[in-house]
Amino acid sequence: MHPKIKTIHGGEKMSIDEFERDNGESFMLLKDGTHLIKVAGISYENRQEHIEKMTGEEEIELKREKENEFDENAIAIYVTLENGKEKIGYIPADLAGKLAKIMDSGDELHIEFYCFTTQTYTHSDYKVSYRGLIVKLKEKIYEHKLFRLRELFKGNANSQ
Numbered sequence: 001m002h003p004k005i006k007t008i009h010g011g012e013k014m015s016i017d018e019f020e021r022d023n024g025e026s027f028m029l030l031k032d033g034t035h036l037i038k039v040a041g042i043s044y045e046n047r048q049e050h051i052e053k054m055t056g057e058e059e060i061e062l063k064r065e066k067e068n069e070f071d072e073n074a075i076a077i078y079v080t081l082e083n084g085k086e087k088i089g090y091i092p093a094d095l096a097g098k099l100a101k102i103m104d105s106g107d108e109l110h111i112e113f114y115c116f117t118t119q120t121y122t123h124s125d126y127k128v129s130y131r132g133l134i135v136k137l138k139e140k141i142y143e144h145k146l147f148r149l150r151e152l153f154k155g156n157a158n159s160q
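Residue numbers for the sequence shown follow full-length UniProt numbering, so the first one is 1 and each next one is one higher.
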């Protein structure tokens with residue numbers, strides 16, 4: 001059973017604590033089979049500047065980074081702003097491995113803006129807040145042929 005998330009409409013804010021699941025995953029499967037995903041890596045480089053410019057109406061796209069030095073399954077998230085496409089973060093690693101297989105098979109995945117978040121980190125002598133965002137994956141990945149095949153093979157292995 002998946003936890004409930006309060007209804008958030010584009011442009012509204014929610015705390016990251018309201019989003020994260022009990023098991024610490026950075027995505028949530030919705031009843032309709034789609035996913036809400038907390039964008040990772042928002043505090044690096046100049047990504048906060050780009051996120052601050054967003055209204056929530058921008059085009060957002062995914063781009064595989066097979067040569068990423070930290071994660072061969074990396075999937076970057078780009079937003080189209082007035083000066084062109086800018087990287088605002090990544091699909092979190094706990095979901096990127098699954099999505100990378102789908103993208104590498106030649107299928108496209110599409111995301112859209114869902115809502116902004118506020119992420120606050122408290123250190124011993126100061127507190128830092130970042131503007132983050134949640135995106136919605138439009139495809140129902142568990143209906144994808146790669147996942148159906150995996151489940152089929154699991155079933156065959158269990159019946160032997």
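No residue lacks a Cβ here, since even glycine has one placed at the ideal position from N, Cα and C.
Own chain residues within Cβ distance below 7 Å of residue i, not counting five before or after
{"i": "Thr80", "result": "Glu58 and Glu59"}
{"i": "Ala100", "result": "Arg64, Asn73 and Ile75"}
{"i": "residue 198", "result": "Residue numbering for the chain in the displayed model covers 1 to 160; residue 198 lies beyond these limits and cannot be assessed."}
{"i": "Leu109", "result": "Leu62, Leu99, Ile102, Met103, Leu137 and Glu139"}
Simplified DSSP assignment, three categories, for residue i
{"i": "Met28", "result": "strand"}
{"i": "Ile77", "result": "strand"}
{"i": "Leu109", "result": "coil"}
{"i": "Ile42", "result": "coil"}
{"i": "Ile91", "result": "coil"}
Exposure of residue i, with buried meaning 16 or more beta-carbon neighbours within 10 Å
{"i": "Tyr90", "result": "buried"}
{"i": "Val135", "result": "buried"}
{"i": "Glu67", "result": "exposed"}
{"i": "Glu45", "result": "exposed"}
{"i": "Thr117", "result": "buried"}
CB of residue i within 7 Å of CB of residue j, strictly
{"i": "Leu137", "j": "His35", "result": "yes"}
{"i": "Ala93", "j": "Asp125", "result": "no"}
Residue i Cβ short of 6 Å to the ligand MN heavy atom set
{"i": "Gly56", "result": "You won't find the ligand MN in this model; it holds no ligand whatsoever."}
Residue from the options with nearest C-alpha to residue i
{"i": "Ile111", "options": "Asn68, Val39 and Ser26", "result": "Val39"}
Same chain, Cβ closer than 6 Å to residue i, five either side skipped, listed in chain order
{"i": "Ile88", "result": "Arg47, His50, Ile51, Ile77 and Val79"}
{"i": "Phe27", "result": "His35, Ile37 and Leu95"}
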